[in-house]
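The structure appears below as structure tokens.
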Amino acid sequence: GDSVTQMEGPVTLSEEAFLTINCTYTATGYPSLFWYVQYPGEGLQLLLKATKADDKGSNKGFEATYRKETTSFHLEKGSVQVSDSAVYFCALSMKTSYDKVIFGPGTSLSVIP
Amino acid sequence: SQTIHQWPATLVQPVGSPLSLECTVEGTSNPNLYWYRQAAGRGLQLLFYSVGIGQISSEVPQNLSASRPQDRQFILSSKKLLLSDSGFYLCAWSVWESSGTYNEQFFGPGTRLTVL
């Protein structure tokens with residue numbers, strides 16, 4: 004079945020370091036891909052999305068490119084801040100009437116000053 | 018604009034007691050509604066989803082149930098709570114993007130449930 008795999012955390016970085024969180028997916032067909040962020044004690048918020056191959060989603064300095072050939076959607080940020088500390092979830096949505104979103108297990112990021 | 022409400026925000030209940038968590042959505046019609054559970058330090062577990070009034074699909078067999086009495090209201094219930102029911106419960110809604118290319122979910126603030 005459809006699935007999303009993320010790199011295991013927790014990830015700890017110093018402020019201004021470069022961030023990469025790997026995400027790969029398995030899907031029959033061409034999904035839409037998302038990154039959600041969950042700050043401590045809160046619900047999830049959509050961070051960015053890409054709906055077709057080679058699309059680049061971007062928001063708040065974060066970027067991810069939909070790579071169909073490698074079935075990947077890695078999240079990157081050039082310079083992280085303490086306020087980026089959160090759990091990041093990669094997810095996919097298929098164009099079916101079933102209407103579910105498949106989430107990865109989440110990657111916890113801690114940024115230290 | 019659309020908003021989603023969940024209450025209560027936090028709840029402490031004894032084992033064996035009943036549960037009712039409520040979720041309501043404003044500013045949209047005929048949304049898909051979802052209940053997720055997130056155990057401490059873990060990922061999201063989809064519990065139930067609904068594509069319309071009275072239509073409930075269960076993902077995980079357990080002692081929880083869900084109901085959708087109105088278009089924008091989704092309720093999670095239990096007759097007798099277990100210790101393992103502790104967690105962070107998230108409600109979400111979605112509608113298909115207008116071109117039909119993706120399903121984006123919007124999450125509520127969550128309910129922190131502790132069963133003692």
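Quick note, the sequences are listed as chains A and B, same order.
Residue numbers 4 to 116, in this note's numbering, belong to the letters of the first sequence in order.
Residue numbers 18 to 133, in this note's numbering, belong to the letters of the second sequence in order.
The beta-carbon is built from N, C-alpha and C at its ideal position, and this holds for glycine as well.
For TYR51 of chain B, same chain residues with a beta-carbon under 6 Å away, outside a window of 5 residues either side, are TYR66, ALA109 in chain order. Contact between THR8 of chain A and THR27 of chain A holds, with the beta-carbon distance rounding to 5 Å and staying under 8 Å.
For SER6 of chain A, the secondary structure class from DSSP, reduced to helix, strand or coil, is strand. For PHE106 of chain A, the neighbours in chain B by C-beta distance under 7 Å run, in chain order, GLY60, LEU61.
By a beta-carbon distance limit of 8 Å, GLU66 of chain A does not contact LEU22 of chain A. Their separation comes to about 10 Å.
By the criterion of at least three beta-carbon pairs nearer than 8 Å, the stretch 92-106 of chain B is in contact with the stretch 22-41 of chain B. Annotation for GLU79 of chain A: the continuous beta strand (DSSP E) segment containing it runs 78-80. Put simply, the backbone Cα of TYR53 of chain B is about 33 Å away from that of ALA20 of chain A.
Look at GLU11 of chain A: its C-beta is not under 9 Å from any C-beta on chain B. If the five residues before and after SER18 of chain B are omitted, its C-beta is found closer than 6 Å to the C-beta atoms of GLY44, all from its own chain and listed in chain order.
By the Cβ-count criterion, LEU100 of chain B is exposed, with fewer than 16 other Cβ atoms from all chains shown falling within 10 Å of its own Cβ.
Taken through DSSP and simplified to helix, strand or coil, SER103 of chain B comes out as coil. Put simply, the CB of ARG89 of chain B is far from chain A, with every gap to its CB atoms at 9 Å or more. Inter-residue distance for SER74 of chain B and PRO86 of chain B is about 14 Å (C-alpha atoms, whole angstroms). For LEU51 of chain A, there are no neighbours in chain B by C-beta distance under 7 Å, as the nearest C-beta there is about 11 Å away.
Taking the beta carbon of PRO126 of chain B as reference, the chain A residues within 7 Å of it are GLU45, GLY46, listed in sequence order. Taking PRO116 of chain A as the centre and dropping the five residues before and after it, the same chain places the C-beta of GLU18, VAL85 closer than 7 Å to its C-beta, in chain order.
For the pair VAL42 of chain B and PHE123 of chain B, the Cα-to-Cα distance works out to about 10 Å.
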